Every structure is written in C-alpha cells, then in structure tokens.
Amino acid sequence: MMQNKDIFETLRHRLMTCGFEHGQKMRAEHLRQEFYCSASTIREVLFRLSTLGLVEFREQRGFRVPEKSRAVLNQLTHLRVLLEAEGTVLSIRFGGVAWEARLTAAHHQLSHLETRLQSANETAPFVDLWFDAERHFHETLISACQSDTLRETHHQLYCRFRQQLMVEDRAFDFISDNIQHHQEILDAAMAGDEALTRQKVHDHLARHMTPTV
C-alpha cells in the first residue's frame, strides 16, 4: 500500500503532465482501487491538491481537474515573472559560488535533455525527464533568495502554470526557443547583471501572456 505522501506526489505529477484531462472528474473510487487504499485517504489527498489549485472541489459535484483557461494562464504567467525575476535577483545577491554551481549543474542537465529533444523522432521517453529537469532549473534559480514564502508561493504558481500548459508542453515545439532562453538566463545570472536577468526571465515567460479577447 502506498503512503499518503507517495499518492500525493504521484497525482501531483500526473496533474501537471497531462495524466488527466482538463475538466476530468477525479473519482475517489477509481483512485482508491488503483492505489489500494481507502476512499478517505484519496479524498484527503485530493483536498490537499485542491489547496494548490491543481484540483477543484465543489459541493455535490466532487473533485475535478481545472479547465484550461487563457485568462488564468495570463495571470499565473504574470505572477510567475514577478516572483521568478525577484527570486533570481535575490539569489544573485545572496547565493554565492555554491548557488552558481547548483544553477550551472541544473542548467547542464536541462540543456542536455532539450538538445536531445530537439532532434528526437520520439519524444515520449523524454517527457518525465524534461518536466523534472525544467522544474529543477527554475526552482534552483530562486533557491538562494532567502525567502521561504517566495519559494513556496512560486512552487504553487509553477504547478498551476505547468498544468495549464500540460497538453501543449508534450508537443515540445518550443524546445529551440527554450534552449536559447535558458542559456540567456544562465549567462545573465552568472554575470551578476540583475536588470538583464529580470529581462531574460520576462522574455522567456512572456510568450504565454496573450490577449483573452
């Protein structure tokens, strides 16, 4: 039997990587059978996921995966730009050589995967690896900001942001731009150029902000 924490992490990952469809009902009975646990355990996990915004709960209607929404994506992107730019600048100020080493290592892993993806005929083997490496790089950017609140808020936004894009992400048609953007963010951060770092973070994410009308 899986522990609550393991069930939570498994479902969180699926909810961010197209393991469920937008608007799909999360049926506790089906999930209970899959994870060999009680229905109350599943409901507890789903309530926890709802606090992250990855699941919606409505009285008499149960749990569902949030619908895809251009307005929501715009809002999440705007807030992510603000937090990630600020968190990275603070990491530049406080992180020192140890942070620079962690960031360089995280970028190396991500760059390797994205380069392989760029020329791959079959992308399925890379999906989980890329999602983990991309999250790790962006979390490492802000990891030395010395604000637990900023990092926790960014994590919640990042999860919801990735869920909104979970269908498009699997096509990987953005990889060429990503390779360039991630390199530019790394270079600006390593140079200690705070203004340029803010700009590169904005440029990387701003393509997701489009008119809703």
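This note's numbering numbers the first residue of the sequence shown as 989 and each following residue consecutively. Glycine included, every Cβ here is placed at the ideal spot set by N, Cα and C. Only a predicted model underlies this, so the values are computations on that prediction, with no experimental measurement involved.
Next on the checklist: Per the DSSP calculation, F1045 is bridged to which residue(s)?
Outcome noted: Partner(s): F1051.
Next on the checklist: With a threshold of 6 Å on Cβ separation, who are the neighbours of G1083 within its own chain once the five nearest residues in sequence on each side are excluded?
Outcome noted: Excluding sequence positions up to five before and after G1083, its CB lies within less than 6 Å of the CB of A1132, all in the same chain and listed in chain order.
Item to check | Among M1197, R1186, N1109 and L1184, the one whose alpha carbon lies nearest that of F1160 | outcome: Checking every option, the nearest Cα to that of F1160 belongs to N1109.
Checklist entry - Below 8 Å between beta carbons: does that hold for V1069 and H1190? => result Contact: yes.
Next on the checklist: Buried or exposed for Y988, going by 16 or more other Cβ atoms inside 10 Å?
Outcome noted: For residue 988 there is no data in the structure shown, the boundaries of the chain being 989 and 1201.
Checklist entry - Taking 8 Å as the CB-CB limit, is G1050 close to chain D? => result Absent from the structure: chain D. Only one protein chain is present.
Item to check | Pair within 8 Å by beta-carbon distance, A1094 and F1125 | outcome: Contact check for A1094 against F1125 passes: the beta carbons are separated by less than 8 Å.
Checklist entry - Out of curiosity, what's the CA-to-CA distance linking T1141 and A1089? => result Taking the CA atoms as reference points, T1141 sits about 24 Å from A1089.
Checklist entry - Do you know offhand how far R1031's Cα is from A1176's? => result Their backbone Cα atoms lie some 44 Å apart in a straight line.
Checklist entry - Beta-carbon separation of T1005 and H1196 under 8 Å? => result Not a contact, by the Cβ cut-off of 8 Å.
Checklist entry - Counting pairs of beta carbons, one from the region 1032-1040 and one from the region 996-1003, are three or more of them closer than 8 Å? => result Short answer: they touch.
Item to check | Own chain partners of R1002 with C-beta closer than 7 Å, once the 5 adjacent residues on each side are dropped | outcome: Within its own chain, the residues whose Cβ lies closer than 7 Å to the Cβ of R1002, once the five positions on either side in sequence are excluded, are F1008, listed in chain order.
Checklist entry - Which class does K1188 belong to by DSSP, given the choice of helix, strand or coil? => result Helix at K1188.
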